[in-house]
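In the working numbering, the protein residues as written are 814 to 937.
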C-alpha cells in the first residue's frame, strides 16, 4: 500500500509542477532558487500596522507579470493586492532579481566570448 501511495504522490507532484509551470512559466525548483537568491532583498518587516505581503507572493506576482504582461489591475484581482502597491512592488522585485543575477549573467557572457575566441582560433 505504501508503494501505491508513493506512486500517487509522484503523480500529484507532477500535476502540481505542471500547474505551477503553467502559471509562472518556470519550474518550482527554479522558483525556489530565485526566492533563495532574492529573499533578503524583497522581504519586508511587520510594522504592527499591517502584515507585509509574503516574499513568495511578492516574487510570484512579479514573475506572473513578467511571464504574461498581465495588467496591474488584473494581477491585483488575482492576488488580492492593490494595483497601486503592485506598481511599486513589481519594479522593486525586478531590481532585486537584476542585481542578484547580473553577476551570473556577466560571467556567462564572458564565458561565451572566450568560447567564441577559441573557436575562431581553431578555425584559422
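A virtual CB, placed ideally from N, CA and C, is assigned to each residue, including glycine.
Check                                                                                                           : Outcome
Under a three-way DSSP split, which group does residue 851 fall into?                                           : helix
Between 876, 834, 835, which lies nearest to residue 906 when the distance is taken from Cα to Cα?              : 876
Once DSSP output is grouped into helix, strand and coil, what is the label at residue 867?                      : coil
Does residue 840 come out as helix, strand or coil in the three-state DSSP assignment?                          : coil
In the DSSP assignment, the alpha helix (DSSP H) including residue 856 goes from what residue to what residue?  : Element bounds for residue 856: n/a, residue is neither H nor E.
By alpha-carbon positions, which one of 831, 871, 832, 859 ends up nearest to residue 848?                      : 871
Does the region 830-846 touch the region 891-899, meaning 3 or more C-beta pairs lie closer than 8 Å?           : no
Kindly indicate which residue of 882, 873, 866 has the alpha-carbon position closest to the one of residue 857. : 866
Please report the distance separating the alpha-carbon of residue 915 from that of residue 888.                 : 27 Å
Going by DSSP, what residue range makes up the alpha helix (DSSP H) through residue 890?                        : 885-892
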